[in-house]
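The structure under discussion appears below in the form of structure tokens.
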């Protein structure tokens, strides 16, 4: 019963609206066709006719210019016959162009006059057409007679007479131009009047269409209220509920007031909202344990969940909190949790801001990575290094907030961080057991990043990066080479760099430090101990307390007492203390 009733209501509403729409459309087509015809006349007759008259003026000027070039060519010594011939040809072609433009304007004006479907001022147009014929045929005929006389005198080299006739030619040409301009002005007036007629007709058509549409809308609305009131209200409630869901508000539901198909749809909609609400809660909770990009990637690209993994060039970062062990000894478990949450939140923000993936928190360490398929391979090193700069920049804020968080004046140890970044090939994919999987990165690049983070202890630095990272991000950051080291588990030396800041933002003291440190490192590798000592001392004068310079100064003192073996290549083994 309900299905039949709803179907009949919908069909009745649709039929009434279709009839009203057809009536409105037919009337709009008629009115639009009339306006279109008027607009077509303006576009294809009035404006082109005016354009032909403008070009008559232009051709007259071109003709006068060509005539003067002919005179100049004849007056040269000897006469420039080639230039005279070219100017004569241009002069004759321009004369035929004037006839062509005038004839074209005449034809268009006659076509406007003959079209009885448009309300043009035919009397005014007839007068304009007559004036065009008079001006072109009468004045131009007189002008051509004077020009012919001038050409004869020019060929006879009677230049005095030529100048006299040229004055008459100019006077006739000016008179012709003036009359053409008057005709153009009258024609422009007709163009404007025709345009105004088009605008008036268009406005009238819009007004009539609007009135008819409004009447049709009112009738259709009244008909819809009478016939479909019982349908539209629950549908509007469904529409409002859909908009709430689209805006992300899942805490509401819609009331079910009917027992027909719309009532069943409303009940199903409420069940859908409840399911979406539970899914949103799961997604929100899940997103705090795994990066949303990984979760979405695993759902949208099942290939990411493959256990085989892929070898890709990735950039890996390790960040550790300096002095964490000492700090944790004097803090309650609840206070330590507060410290770690503040520390992880503060340091994770730059990583997220620079599109990094936080892989895991290991004690007080953060492991993050950049690379495909989450960002382009060419951008990964720049983003990682900029994230490191941002993390270092947040250290003062973290040190200030920690005592306030614990309710003390100061903490027992100085707060700082150590960062290691390495770029290279790594195994990327879902790794784990049949019970639990983790989308992560593994390999020598990961190990190198971890070793570089620990190497900061030796050099007293904050952020050490691998050579591959430094080369790839050379256009974004300023670095200095710190040392050539052999990390634990490897035999090949690695060149290690320290991030000093963004490209082009180093202070004068930092640039001096960069230069002096490089000089000291070169002398150190060549065993010129005194030169190296002096260079590192100069670096410390530029920036006192520079820990890498102090580290090398101490190391050189030891090497002076106990020189390295003859095959020593300047590399330093990280297990050395």
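In this note's numbering, the protein residues as written are -4 to 572. Where is the CB? At the ideal position from N, CA and C, for every residue including glycine. Here the structure is a predicted model, which means the values were calculated and not measured.
- Each of 457, 567 and 70 was checked against the Cα of residue 156, and the nearest Cα belongs to 70.
- Checking the DSSP bridge columns, you'll see residue 316 partnered with 412.
- The continuous beta strand (DSSP E) containing residue 360 extends over residues 360 to 365.
- Within the DSSP bridge table, the entry for residue 496 names 473 as partners.
- Residue 349 counts as buried, since no fewer than 16 other beta carbons sit within 10 angstroms of its beta carbon.
- Residue 173 and residue 188 have their alpha carbons spaced roughly 23 Å apart.
- Distance from residue 411 to residue 359 at the Cβ level is roughly 12 Å; contact not present, criterion being Cβ atoms closer than 8 Å.
- In the three-state scheme derived from DSSP, where H, G and I count as helix and E and B as strand, residue 433 is classed as strand.
- Note: residue 424 is bridge-paired with 435 in the DSSP secondary-structure output.
- Of the residues 112, 393, 399 and 123, the one whose Cα lies closest to the Cα of residue 179 is 123.
- In the three-state reduction of the DSSP assignment, residue 418 falls in the strand class.
- Judged by DSSP secondary structure, residue 356 falls within the beta strand (DSSP E) whose first and last residues are 352 to 357.
- Assignment of residue 59 by DSSP, reduced to helix, strand and coil, places it in the helix class.
- Residue 214 and residue 207 have their C-alpha atoms spaced approximately 10 Å apart.
- Within the same chain, 518 come within 6 Å of residue 526 by CB-CB distance, once the 5 residues on both sides are set aside.
- Taking a contact as a CB-CB distance under 8 Å, the pair residue 495 and residue 474 counts as one, their CB atoms being some 6 Å apart.
- The secondary-structure analysis by DSSP pairs residue 460 across a beta bridge with 416 and 492.
- Out of 365, 400 and 237, the CA that lies nearest to the CA of residue 336 is found in 400.
- Going by beta carbons, residue 441 and residue 463 fall outside the 8 Å limit.
- Considering only 152, 469 and 83, the residue with the shortest C-alpha distance to residue 64 is 83.
- For residue 340, the enclosing alpha helix (DSSP H) has its first and last residue at 328 to 348.
- With contacts defined by Cβ atoms closer than 8 Å, residue 489 and residue 482 form a contacting pair.
- For residue 544, the uninterrupted alpha helix (DSSP H) run begins and ends at 542 to 556, by DSSP.
- Under the DSSP definition of a beta bridge, residue 310 partners with 365 and 418.
- Residue environment for residue 493: buried (at least 16 other C-beta atoms within 10 angstroms of its C-beta).
- Between the alpha carbons of residue 106 and residue 191 lies a gap of roughly 20 Å.
- Looking only at 19, 14, 153 and 175, the smallest Cα-Cα distance to residue 93 is reached by 175.
- Excluding five sequence positions before and after residue 498, the CB atoms of its chain that fall closer than 7 Å to its own CB belong to 470, 471, 472 and 473, given in chain order.
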